[in-house]
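Structure record follows, encoded as structure tokens.
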Amino acid sequence: LIAIILYISYAFRKVTNGPVPSWVFGIGAIVALIHDILVVVGVFVILGKFAGVQIDSLFVTALLTILGFSVHDTIVVYDRVREGLKDRAKKTFKEIVNESINTTLARSLNTSISTLLVLLALYLFGGASIQYFVLALIIGIISGTYSSIFIASPLLLLGQRLLKR
């Protein structure tokens, strides 16, 4: 997680003269990732309690895949924010973040839906040995898409508000 913060801080270092420092981008991405992992683990804890589902190496692999998918989706939105900050003709930071979400929304949803269609086919027609792996991916993709749009980006605005104090 620290490596992700460092990478995102480095990648967004040119935003340091903007409304939020580059490390706020990293913190926002990490909070979104923690959300995604907690959602998937929470569902599987419930499944373990009531359906006897066990956590194995495929589950850990699914979590790592979800981390990659989610951080990529978040970075796409953050990259659009960075582009908006470069040419912000009299726009507030809130407007830039809103525009960034709106411009990446279709891309995020299309990517997630196409991935979910493949995963749904694997879940329905795949073997029993990968069923819970695919289920974890389905839950994680949905959670990751949600968090990159509704958690990570608003955290930038929260970071700006907290740092103004």
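Residue numbers are given in the UniProt record's numbering: position 25 of the sequence shown equals residue 25, and the series is strictly consecutive. Just so it is clear, CB atoms sit at the ideal spot from N, CA and C, and this is done for glycine as well.
- Where Phe-12 is concerned, there is no enclosing alpha helix (DSSP H), because DSSP gives it neither an H nor an E.
- If the five residues before and after Ile-130 are omitted, its C-beta is found closer than 8 Å to the C-beta atoms of Leu-58, Leu-122, all from its own chain and listed in chain order.
- Taking each of Val-39, Phe-44, Ile-5 in turn and checking the Cα distance to Ala-29, the smallest one comes out for Ile-5.
- Using a 10 angstroms sphere on the CB of Gly-52, the tally of other CB atoms stays under 16, which defines it as exposed.
- Residue burial annotation: Ile-46 is exposed, with fewer than 16 other C-beta atoms found within 10 angstroms of its C-beta.
- For Ala-89, the secondary structure class from DSSP, reduced to helix, strand or coil, is coil.
- Ranked by how close their Cα comes to the Cα of Ile-113, the residues Gly-140, Arg-13, Leu-155, Leu-64 have Gly-140 in first place.
- Between the alpha carbons of Leu-109 and Thr-145 lies a gap of roughly 7 Å.
- When the beta-carbon positions are compared, Leu-119 and Ile-149 stay at least 8 Å from each other.
- As the crow flies, the alpha-carbon of Val-39 is around 23 Å from that of Leu-157.
- For Gln-54, the secondary structure class from DSSP, reduced to helix, strand or coil, is coil.
- In this structure, the straight-line span from the alpha carbon of Leu-163 to that of Asp-56 is close to 42 Å.
- For Leu-135, the closest of Ala-3, Thr-92, Tyr-10, Ala-62 by C-alpha to C-alpha distance is Ala-62.
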